[in-house]
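To convert, take the position in the sequence shown, counting from 1, and add 116; that gives my numbering.
Quick reminder that beta carbons are idealized off the backbone N, C-alpha and C, glycines included.
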Amino acid sequence: MSDYIVKIGFWLRAYDTLTVQAASDAEAIEKAKTAAAVVVESTASPDHIDTDERREGVIAFIDRCTGDGRETVIEDIEFDDDRIHRPPAA
């Protein structure tokens with residue numbers, strides 16, 4: 117029997133908070149969209165990461181352990197449905 121190393125990837129929902137100043141609700145919405153895009157691209161830690169529900173996974177790779185190291189068996193395997201990007205309900 118062989119040992120295999122399985123690396124998985126998945127999405128976690130993260131939350132952050134920011135403040136914008138605006139003269140109207142419409143302006144606040146537009147400023148929030150712009151600010152949110154900057155925050156999403158940031159590498160800083162968010163306020164909260166929801167670890168209760170992991171979403172949309174992929175197996176990044178499976179490697180077989182050998183006496184000489186590791187051998188790649190397969191990479192990038194879907195095993196989970198797309199719960200994030202599914203089509204909108206009719």
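Considering only the alpha carbon of each residue, which of the options lies closest to residue i?
| i | options | result |
| --- | --- | --- |
| ASP163 | ARG170, VAL155, GLY183 | VAL155 |
| GLU169 | ARG129, ALA152, LYS123 | ARG129 |
| LEU134 | LYS147, LYS123, PHE195 | LYS147 |
| MET117 | LYS149, GLU157, GLY183 | GLY183 |
| PHE177 | GLU191, VAL136, PHE195, GLU143 | GLU191 |
Does residue i come out as helix, strand or coil in the three-state DSSP assignment?
| i | result |
| --- | --- |
| VAL122 | strand |
| LEU134 | coil |
| ASP184 | coil |
| PHE195 | coil |
| ALA139 | coil |
Whole angstroms are fine: how far does the CA of residue j sit from the CA of residue i?
| i | j | result |
| --- | --- | --- |
| TRP127 | THR167 | 10 Å |
| SER140 | GLU172 | 37 Å |
| GLY185 | GLU157 | 36 Å |
| ILE121 | THR188 | 9 Å |
| THR150 | GLY125 | 28 Å |
| ILE175 | ILE145 | 37 Å |
*Could you give the uninterrupted runs of the alpha helix (DSSP H) lying entirely in the stretch 142 to 174, keeping only those of 4 residues or more?*
none
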